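Under full-length UniProt numbering, the first residue of the sequence shown is numbered 1, with each subsequent residue one higher.
Even glycine gets a Cβ: it sits at the ideal position worked out from N, Cα and C.
Only a predicted model underlies this, so the values are computations on that prediction, with no experimental measurement involved.
See below for the structure under consideration.
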Amino acid sequence: MQKSFSDLEYAAKKKLTRRDVFLAKIDSVTPWSQLHALIEPFYPKVVGAGRPPIGLARMLRMYVVQQCFGLSDEGIEDAVYDSQAIRGFVGIDLSREQAPDATTLLKFRRLLEKNELTRKIFETINGHLAAQGLMMREGTILDATLIAAPPSTKNKDKKRDPEMHQTKKGNDWHFGLKAHIGVDAKSGLVHTVVATAANVADVTQAHALLHGDEVAVLGDAGYQGVEKREENLETKVTWHVAMKRTKRKALPANKLGRMTEKLEHLKASVRAKVEHPFHVVKNLFRHRKARYRGLKKNTAQLFTLFGFANLILAGRQFTVSETRTPS
């Protein structure tokens with residue numbers, strides 16, 4: 001396709017913005033052809049002389065930008081018009097066409113949700129990374145993070161989301177959901193995602209976060225007693241769960257106490273890898289609050305977010321600070 005004057009002028013500029021760099025990296029590491037093949041059977045086709053749907057490749061790229069930059073449906077529509085970098089990534093030339101509107105993107109997102117395609121996107125990305133030898137599968141790290149939901153009742157239904165609940169963390173109460181993940185201990189990549197209400201204890205989801213080939217599983221003190229739970233009695237793994245803080249502080253100042261402290265420090269250094277995907281999702285993708293009502297829609301979004309977080313983490317040449325969206 002012939003480029004417009006604005007495209008040529010933009011391409012000739014000397015400085016690349018952080019957004020340019022980020023989008024170029026996402027473009028290079030994403031297995032586009034595999035994702036197209038996954039979604040294409042479900043994508044609308046031209047019927048008779050009707051208006052042809054917007055190309056799948058364009059809609060998928062627009063959806064990816066939306067998720068990676070934490071934008072609403074209306075926000076990504078505006079961003080396409082405001083940002084030459086985003087237009088180039090999506091493949092829009094405003095001198096010849098309009099950008100897909102928010103309603104079109106909403107329909108695309110619902111198509112992904114209805115057919116559980118975000119889970120399959122997550123699995124396809126992980127299969128792509130596994131083919132490159134990045135998923136070692138011998139060890140899993142478990143963890144969970146809270147994602148806030150609107151606590152206000154000033155809405156159409158005059159009530160909070162019934163599928164979200166509140167929980168106490170430290171001295172503060174939090175209302176929302178909890179994202180539980182199983183992370184490959186070697187690569188730090190997420191292999192399993194489960195979403196629950198915020199008040200669901202981490203230890204109750206441990207069994208659901210295992211892929212079955214683990215030899216060892218690590219978790220923080222929230223997983224104390226995991227090996228005694230009925231659903232885990234037949235699990236053939238070695239559990240390495242952190243000692244509770246109060247018990248750790250009470251360790252004796254002798255050789256055994258020092259050795260135990262050293263072991264706890266070693267376990268903590270391995271578990272630290274689980275914080276990396278949370279950092280990408282919550283800080284880089286800016287996903288700190290649930291965007292939708294209900295666990296099903298939010299779970300669907302989490303699959304996409306952690307799938308693309310894996311792509312970023314797998315590209316070790318990525319500089320984390322470069323991937324922030326400039327204000």
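Exercise. Inspect the CB distances between the region 156–168 and the region 186–204 and report whether three or more fall short of 8 Å.
Key: Using a C-beta cut-off of 8 Å, the region 156–168 makes contact with the region 186–204, since at least three inter-stretch Cβ pairs fall below that distance.
Quiz item: Where does residue 330 land, buried or exposed, given buried means 16+ other C-beta within 10 angstroms?
Solution: No information on residue 330 is available, as it lies outside the stretch 1 to 327 that the chain covers here.
Self-check item: Cross-strand partners of G188 (DSSP beta bridge)
Solution: Beta-bridge partners of G188 (DSSP): none assigned.
Practice problem: Figure out for me which residue from D20, T192 and G70 has the closest Cα to the Cα of A290. | Solution: Of the listed residues, the one whose Cα sits closest to A290 is G70.
Quiz item: Straight-line CA distance for V280 to A309?
Solution: Separation of V280 and A309 (C-alpha to C-alpha, rounded to the nearest whole angstrom) is 6 Å.
Quiz item: Going by alpha carbons, who is nearest to A147 out of L313, G315, K249 and F278?
Solution: Note that residue 147 is Ile in the sequence shown, not Ala. It is F278.
Practice problem: Determine the direct distance from the alpha carbon of A131 to that of S187, and round the result to whole angstroms. | Solution: Their backbone Cα atoms lie some 13 Å apart in a straight line.
Quiz item: Within 10 angstroms of its Cβ, does S83 collect 16 or more other Cβ (buried), or is it exposed?
Solution: Buried: at least 16 other Cβ atoms inside 10 Å.
Self-check item: Whole-angstrom distance between L251 and K273, CA atom to CA atom
Solution: Those two C-alpha atoms are separated by around 26 Å.
Quiz item: Do V241 and A185 have their C-beta atoms within less than 8 Å of each other?
Solution: Against a cut-off of 8 Å, the Cβ pair of A185 and V241 comes out as no contact.
Practice problem: Would you mind listing the alpha helix (DSSP H) stretches within the region 247–298 that are 4+ residues and don't spill past its ends, in chain order? | Solution: Runs of the alpha helix (DSSP H) inside the region 247–298: 255–271 and 275–279.
Practice problem: Return yes when the Cβ of V203 is within less than 8 Å of the Cβ of L210, no when it is not. | Solution: Going by C-beta atoms, L210 is not nearer than 8 Å to V203.
Quiz item: Which residues does DSSP pair with T167 in a beta bridge?
Solution: In DSSP, T167 forms a bridge with H174.
Quiz item: When you compare each of T238, G222 and S152 to D213 by their alpha carbons, which one comes out closest?
Solution: Closest in alpha carbon position to D213, among T238, G222 and S152, is T238.
Quiz prompt | Counted within 10 angstroms of its Cβ, other Cβ atoms place P151 as buried (16 or more) or exposed | solution = Exposed, since its Cβ has fewer than 16 Cβ neighbours within 10 Å.
Practice problem: Kindly give me the distance between the Cβ atoms of T145 and L35, rounded to whole angstroms, as I take these residues to be in contact under 8 Å. | Solution: A Cβ-Cβ distance of about 26 Å is found for the pair T145 and L35, leaving them out of contact under the 8 Å criterion.
Quiz item: What whole-angstrom Cβ distance do residue 333 and A102 have, given they're in contact under 8 Å?
Solution: Look at the range of the chain in this structure, 1 to 327, and you will see that residue 333 is not part of it.
Quiz prompt | Buried or exposed (CB count within 10 angstroms, at least 16 for buried), T323 | solution = With a pLDDT of only 40 at T323, under the threshold of 50, the placement of this residue in the model should not be trusted; the figure read from the coordinates follows. Note on T323: 16 or more other CB atoms within 10 angstroms of its CB, so buried under the neighbour-count rule.
Practice problem: Identify whether G182 lies in helix, strand or coil by the three-state DSSP scheme. | Solution: Correct three-state label for G182: strand.
Quiz prompt | According to DSSP, residues forming a beta bridge with residue 329 | solution = Nothing can be reported for residue 329: it is not among the residues displayed for the chain, which extend from 1 to 327.
Quiz item: Taking just the CA atoms, how far does W32 sit from M135?
Solution: One C-alpha to the other measures close to 20 Å.
Exercise. Have a look at T260 and G225 and give me their C-alpha separation to the nearest angstrom.
Key: Going by the C-alpha atoms only, they are around 18 Å apart.
Exercise. Could you please give the first and the last residue of the uninterrupted alpha helix (DSSP H) stretch that includes G88?
Key: According to the DSSP assignment, G88 belongs to the alpha helix (DSSP H) that extends over Q84 to V90.
Quiz item: If you drop the 5 nearest sequence neighbours on each side, which residues of the same chain put their C-beta closer than 7 Å to that of N232?
Solution: Hits under 7 Å: A206, H207 and V226.
Quiz prompt | Reduced DSSP category for A198 - H, G, I as helix; E, B as strand; rest coil | solution = Residue state, collapsed to three classes: coil.
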